[in-house]
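A.B. asks: Using this note's numbering, count along the sequence shown one by one with no gaps and you end on 295.
Here it is, the structure, as structure tokens.
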Amino acid sequence: LYLAAAGTGLAALANPLGLGVFGYVVGLLSDKAVQGLINEWQPPDPRSLAGGAFFLGVLALLAAFGLGRRRPTISDVLLLCGLGWQAFTGARSVGWFGMAAMPLLAQSLAAPQAIIRPVDVPPAPKQVGSPANLLPALLLLGALVAVQPWLKPLLPLPAPYQAIFVDLPGAPQLFSAHTPVAAVAELRARPCAGPIFNEMGYGSYLAWALYPEAQSFIDPRIELFPLAIWQDYAAISRGQDSLAKLDHYGVACVLLDRSLQGGLLTALQGADGWARSFQAGPSEIWRRK
7 LYLAAAGTGL AALANPLGLG VFGYVVGLLS DKAVQGLINE WQPPDPRSLA GGAFFLGVLA
67 LLAAFGLGRR RPTISDVLLL CGLGWQAFTG ARSVGWFGMA AMPLLAQSLA APQAIIRPVD
127 VPPAPKQVGS PANLLPALLL LGALVAVQPW LKPLLPLPAP YQAIFVDLPG APQLFSAHTP
187 VAAVAELRAR PCAGPIFNEM GYGSYLAWAL YPEAQSFIDP RIELFPLAIW QDYAAISRGQ
247 DSLAKLDHYG VACVLLDRSL QGGLLTALQG ADGWARSFQA GPSEIWRRK
């Protein structure tokens, strides 16, 4: 156990930042943009489906610990308290808590305390595991291998599922249909004359497909951008003083999503200094005249 603990600590240092990774985590947990704007970092809501399931699971775990013959060990308590604290403070950690809690819940439910103490019964002989138990594990492993990126396109998956991906040569069933492939190809063919303002979700693909020729205004790496930038991004997307803020940042092109940035689209449609130069699916490119 000591060797495992030491190995875990050393493995955490195997990263480009070294010890700095711990400072990164502290900074992430205290970042105002992350903690204040992102839903998954908010505490779980018991009125939502996921939040309600989490709180019911906690109650079930407490009941199982109270009624089960198996008492939780100190390791169980430390594990559940640590992950439970994270889950209560941020919905994104509920899954980690659940993965730790489910086996402990099953162990406790397997041996509940009897309300009426039975007559002493001799213990049953210890059973040897059956090789048939390997079958579910092999089936799960086979399913995991089958859905890997290089094998998934070979599967006869239903058409509605395949339709959620964009048909991108060399990357089948990797990018969602909302990926601005055509719009970015247009920006590659006709480069923007200055900075680009983009929808947040488009930022990752822009960084992958156009960097360093063009840089995105924002992307889902929330903690890398100051809170003021996020506040301006939200205001621009809603159409609140959008044109003045675009001027402030010297934006020459806008790559927007019509379904998510209707306020910005309305502002650009009413502006004399902007013109739509491209449209494909929900994506539109607007350039300064």
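Built from N, CA and C at the ideal position, the CB exists for glycine as well.
On the DSSP letters alone, give me the boundaries of the alpha helix (DSSP H) that Phe60 sits inside.
C.D. replies: That run of the alpha helix (DSSP H) goes Leu55 to Leu73.
A.B. asks: Using the Cα positions of Leu174 and Ala138, report the straight-line distance between them to the nearest angstrom.
C.D. replies: Between Leu174 and Ala138, the C-alpha separation is close to 42 Å.
A.B. asks: Checking the sheet assignment: what are the DSSP bridge partners for Ile291?
C.D. replies: According to DSSP, which records beta bridges pairwise, Ile291 is partnered with Leu261 and Phe284.
A.B. asks: Does the separation of the CB atoms of Val257 and Phe171 fall below 9 Å?
C.D. replies: Their beta carbons are not under 9 Å apart, which means Val257 does not touch Phe171 by this criterion.
A.B. asks: If we ignore side chains and look at the alpha-carbon of each, how far apart do Ser59 and Val190 end up?
C.D. replies: Sequence check: residue 59 is Ala here, not Ser. Cα-Cα distance, rounded: 41 Å.
A.B. asks: I'd like the span of the alpha helix (DSSP H) that includes Ile80, first residue to last.
C.D. replies: It spans Ile80 to Thr95 - the alpha helix (DSSP H) in which Ile80 sits, taken as one unbroken run.
A.B. asks: Between Leu274 and the rest of its own chain, which residues show a CB-CB distance below 7 Å, the 5 nearest in sequence each way excluded?
C.D. replies: Around Leu274: Val260, Trp280 and Trp292.
A.B. asks: Is Ser222 helix, strand or coil by DSSP?
C.D. replies: Coil, per DSSP.
A.B. asks: So, Ser222 versus Tyr208, is the Cβ gap smaller than 9 Å?
C.D. replies: Yes, the Cβ-Cβ distance between Ser222 and Tyr208 is below 9 Å.
A.B. asks: DSSP state of Ser136, grouped into three classes?
C.D. replies: Three-state DSSP puts Ser136 in coil, outside helix and strand.
A.B. asks: Within 10 angstroms of its Cβ, does Pro50 collect 16 or more other Cβ (buried), or is it exposed?
C.D. replies: Result: buried.
A.B. asks: Is the beta carbon of Leu34 closer than 9 Å to that of Glu290?
C.D. replies: The answer is no: Cβ separation not under 9 Å.
A.B. asks: Taking the continuous alpha helix (DSSP H) assigned at Phe203, which residues delimit it?
C.D. replies: Premise fails: Phe203 lies in the beta strand (DSSP E), Ile202 to Asn204, not in any alpha helix (DSSP H).
A.B. asks: Taking the alpha helix (DSSP H) that Trp192 belongs to, which residues open and close that run?
C.D. replies: For clarity, residue 192 is Glu in the given sequence; the question names Trp instead. Segment Val187 to Ala195, the alpha helix (DSSP H) holding Glu192.
A.B. asks: How would you label Trp236, buried or exposed, when you count the other beta carbons within 10 angstroms and need 16 or more for buried?
C.D. replies: With 16 or more Cβ atoms within 10 Å of its Cβ, Trp236 is classed as buried.
A.B. asks: Of all the options Leu212, Ala70 and Ala177, which has the alpha carbon lying nearest to the alpha carbon of Leu193?
C.D. replies: Nearest of Leu212, Ala70 and Ala177 to Leu193, Cα basis: Leu212.
A.B. asks: What did DSSP end up calling Phe28 once you bin it into helix, strand or coil?
C.D. replies: Phe28: helix per DSSP, three-state reduction.
A.B. asks: Give me the Cβ distance between Glu205 and Leu266, rounded to the nearest whole Å; I'm assuming they're in contact under 8 Å.
C.D. replies: That belief holds up - the Cβ atoms of Glu205 and Leu266 are roughly 6 Å apart, short of 8 Å.
A.B. asks: Restricting to Cα atoms, I'd like to know which of Leu110, Leu111 and Gln92 is closest to Trp102.
C.D. replies: When each option's Cα is compared against that of Trp102, the closest is Gln92.
A.B. asks: By Cβ distance, which residues of its chain are closer than 6 Å to Leu233, with the 5 residues on each side in sequence left out?
C.D. replies: Contacts found: Lys38 and Ala39.
A.B. asks: Roughly how many whole angstroms lie between the Cα atoms of Leu216 and Val27?
C.D. replies: Rounded to whole angstroms, Leu216 to Val27 spans 28 Å at the Cα level.
A.B. asks: Just verifying my parser: in three-state terms, what is the DSSP assignment at Phe103?
C.D. replies: It is helical.
A.B. asks: Would Leu89 and Ala107 be called neighbours here (beta carbons separated by less than 9 Å)?
C.D. replies: Yes.
A.B. asks: Quick check on this structure: which residue in Phe284, Pro162, Phe231 and Leu67 has the alpha carbon closest to the alpha carbon of Pro186?
C.D. replies: Taking only the C-alpha atoms, the option nearest Pro186 is Phe284.
A.B. asks: Can you have a look at Asp278 and say buried or exposed, based on whether 16 or more other CB atoms are within 10 angstroms of its CB?
C.D. replies: Asp278 comes out exposed.
A.B. asks: Under 9 Å between the Cβ atoms of Gly287 and Ala188?
C.D. replies: Contact: yes.
A.B. asks: If we count the other Cβ atoms within 10 Å of its Cβ and call it buried at 16 or more, is Ala152 buried or exposed?
C.D. replies: So Ala152 ends up on the exposed side.
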